Amino acid sequence: MKNPAAEELGRRGGLKGGPDRAKKMTKEERSESARKAAKARWDKKRREEEGS
1 MKNPAAEELG
11 RRGGLKGGPD
21 RAKKMTKEER
31 SESARKAAKA
41 RWDKKRREEE
51 GS
């Protein structure tokens, strides 16, 4: 069984982490990261469509 207090602390850290990482990235790095994420989403959608 998971500890609800520990889950909440982990969630808070996770929510804070993304924006903090983005602040340290250059514009080009943020753009590349966004492009990579979009490609992953589209690839996942294609795999799901091929499977059905």
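Quick note, the sequence shown lines up with residues 1 to 52 if you use UniProt numbering. Glycine is no exception: its CB is placed at the ideal position from the N, C-alpha and C atoms. Fair warning: this is a prediction, and the values are worked out from it, not measured in the lab.
Per-residue DSSP class, three states only, for residue i
i, result
"LYS16", "helix"
"LYS27", "helix"
"LYS2", "coil"
C-beta atoms of residue i and residue j nearer than 9 angstroms
i, j, result
"ARG30", "ALA22", "yes"
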